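**Student:**
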Amino acid sequence: DADQLSALVVLANYGRQGMENVIIPQAAGCQQIGIIPWKEAKSQNPRAVVGLTDISARKYLRKLLGAEYLTFAIPWKMFLEMERNVEGSFLERPTWLSLLKSKA
Numbered sequence: 192d193a194d195q196l197s198a199l200v201v202l203a204n205y206g207r208q209g210m211e212n213v214i215i216p217q218a219a220g221c222q223q224i225g226i227i228p229w230k231e232a233k234s235q236n237p238r239a240v241v242g243l244t245d246i247s248a249r250k251y252l253r254k255l256l257g258a259e260y261l262t263f264a265i266p267w268k269m270f271l272e273m274e275r276n277v278e279g280s281f282l283e284r285p286t287w288l289s290l291l292k293s294k295a
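Residue numbers for the sequence shown follow my numbering, so the first one is 192 and each next one is one higher.
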């Protein structure tokens, strides 16, 4: 959902320089979930990739996934970095916790 995507974007930028550590490239669905993240994984500072914005892919995956989802592909190196940043981050603070409680 939008709250979860927001948290992933914040966490992806949390311990890094700049604020462009997540990209939403205009590309085919298979490129957004596979080829582009694979290329990012080979870079020194890989970025996360928001995908499933390809309207053709959305049309064909709607029955399987529903209409409310996007993808968030993270190269393994970046995943480990994000995982290390969870402890003590905004994910343990009142603002995020209140968002979680409001969904219950």
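Even for Gly, the Cβ is constructed at its ideal location relative to N, Cα and C. All values derive from a computational prediction rather than experimental measurement.
Compare the beta carbon distance of residue 198 and residue 255 with 8 Å and say whether it is the shorter of the two.
**Tutor:** By one-based count along the sequence shown, residue 198 stands at place 7. By one-based count along the sequence shown, residue 255 stands at place 64. No. Outside cutoff.
**Student:** Leaving aside the five residues before and after residue 210 along the sequence, list all residues of the same chain whose C-beta is less than 8 Å from its C-beta, in chain order.
**Tutor:** Numbered from 1 along the sequence shown, position 19 holds the residue referred to as residue 210. Once the five neighbours on either side are set aside, the close Cβ partners of residue 210 are 204.
**Student:** If contacts are defined as beta-carbon pairs under 8 Å, then residue 266 and residue 228 qualify, I think. What distance do you get, rounded to the angstrom?
**Tutor:** The count along the sequence shown starts at 1 and reaches residue 266 at position 75. The count along the sequence shown starts at 1 and reaches residue 228 at position 37. Right, their Cβ atoms sit about 6 Å apart.
**Student:** The alpha helix (DSSP H) with residue 248 in it runs from where to where?
**Tutor:** To locate residue 248, count along the sequence shown from 1; it is residue 57. Run containing residue 248: 246-256, per the alpha helix (DSSP H) assignment.
**Student:** What's the call for residue 237, buried or exposed, on a 16-neighbour Cβ count within 10 Å?
**Tutor:** As a first step, residue 237 is located in the sequence shown; it is residue number 46 there, counting from the start. When all chains shown are included, residue 237 counts as buried.
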